[in-house]
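A.B. asks: Numbering-wise (the working numbering), the first sequence opens with residue 22 and increments by one.
I am attaching a structure below and will ask some questions about it afterwards.
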Amino acid sequence: MTLVANRKDPATKYRIRRLRRAELPVDTVELARFLIGKVVVREFPGGRVSGRIVEAEAYPPGDPAGHHYRGPTPRIRSMYLAPGHSYVYFNYGAHFMLNVSGEVAGRAGGILIRAVEPLEGIALMKKHRECTELLDLTRGPGRLAAAFRIDRSHDGIDLCKAGVLWLGEIVGTARGSGKEASGVAIGESVRIGISRAADHVLRFYEPGNPYVSGPKRLNAKP
DNA sequence: TTGGCGATTGGCT
DNA sequence: GCCAATCGCCAAT
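Shown next as structure tokens:
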């Protein structure tokens, strides 16, 4: 199932290797699936916060629900970067959203990281969120950004490079990778909270994982 | 220059 | 389950 069992062993360390750009699918929808099971790592001077991606949504080129639908604007410039760059925006006057660019440079596509399963730095996440409920720390895009203290300054970062924010894969456990390596199916559904293209099945999640957000009807288990 | 609106959350019924 | 809060973006004036 999940890696939640590791809570029983606080000393558990994860070995995480950074993803290389060359291994990322150059396609927003494929990359969204690929990222399920991968890890978001946030480095602080005092420690590290990391979490395993359990839910993501694709906003591919031509998608009426995508910010890039009406052509390029200053805000969305990072979605035009090569796959594996961050696109961070501020929404509803209150929350930052972390996205990963998914198309070849010059073409816009984004993947919204909607939820992660906390791995390292849980105490730090609780502090950032001012919340002690483990299940509420990173379940939802706004919460995840707050727990990782991701803001506008993290827009346009190369996530395949060492730095304050990067993408990785757990080394040494089958649960570290996505569908192909683990053999576990990835759930699919329509996306959450949008009005246009509301019937497109572009949301991907790990069935049964308690850190997946959204209503039950969208989170069918295997 | 302005107003409508949003890839959400948390609090209250 | 419903709904207000809140503010940056951008299309239209």
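The beta carbon of each residue, even a glycine, is placed where N, CA and C say it ideally should be.
Predicted, not measured: the structure shown is a model, and the values here were computed from it.
1. Per DSSP, which residues does Ile178 bridge with? Please list them.
2. Thinking just about the alpha-carbon of each residue, which of Glu76, Glu51, Tyr113, Ile134 is nearest to the one in Ser107?
3. Taking all protein chains shown into account, decide if Thr159 is buried (16 or more other Cβ within 10 angstroms of its Cβ) or exposed.
4. Find the nearest neighbour of Leu40 within the set His88, Val62, Pro139, judged by alpha-carbon distance.
5. To the nearest whole angstrom, what separates the beta carbons of Tyr232 and Val137, a pair I think is in contact under 8 Å?
6. Apply the 10 Å Cβ neighbour rule to Gly68 and answer buried if 16 or more other Cβ atoms are within range, or exposed otherwise.
7. Quick one: what's got a C-beta closer than 6 Å to Phe169's C-beta in the same chain, skipping five residues either side?
8. Looking at Cys181: is its Cβ nearer than 9 Å to the Cβ of Gly105?
9. Among the residues of its own chain, which have a CB less than 6 Å from the CB of Gly163, if the five just before and after it don't count?
10. Hey, quick one: how far does the beta strand (DSSP E) through Phe65 stretch, first residue to last?
11. In its own chain, which residues sit with a C-beta less than 6 Å from the C-beta of Lys242, not counting the 5 before and 5 after it?
C.D. replies: With the given structure in hand:
1. As a first step, residue 178 is located in the first sequence; it is residue number 157 there, counting from the start. Looking at the DSSP assignment, Ile178 forms no beta bridge with any residue, so it has no partner.
2. In the first sequence, the residue the question calls residue 107 occupies position 86. Considering only alpha carbons, the answer is Ile134.
3. Taking the first residue of the first sequence as position 1, residue 159 is located at position 138. When all chains shown are included, Thr159 counts as buried.
4. Taking the first residue of the first sequence as position 1, residue 40 is located at position 19. Nearest of His88, Val62, Pro139 to Leu40, Cα basis: Val62.
5. Looking up residue 232 in the first sequence gives position 211. Looking up residue 137 in the first sequence gives position 116. Yes, they are in contact, since the Cβ atoms of Tyr232 and Val137 sit about 7 Å apart, within 8 Å.
6. The residue labelled residue 68 in the question sits at position 47 within the first sequence. If you draw a 10 Å sphere on the C-beta of Gly68, you find fewer than 16 other C-beta atoms in it, and that means exposed.
7. Mapped onto the first sequence, residue 169 falls at position 148. Contacts found: Arg63, Val70.
8. Numbered from its first residue, the first sequence carries residue 181 at position 160. Numbered from its first residue, the first sequence carries residue 105 at position 84. A contact, by the Cβ cut-off of 9 Å.
9. For the purposes of this step, residue 163 is identified with residue 142 of the first sequence, where counting begins at 1. So the list reads His116, once near-sequence residues are dropped.
10. What you label residue 65 is simply residue 44 of the first sequence in a count that begins at 1. Start and end: 60-65.
11. For this step, residue 242 is matched to residue 221 along the first sequence. Correct list, in chain order: Pro228, Gly229.
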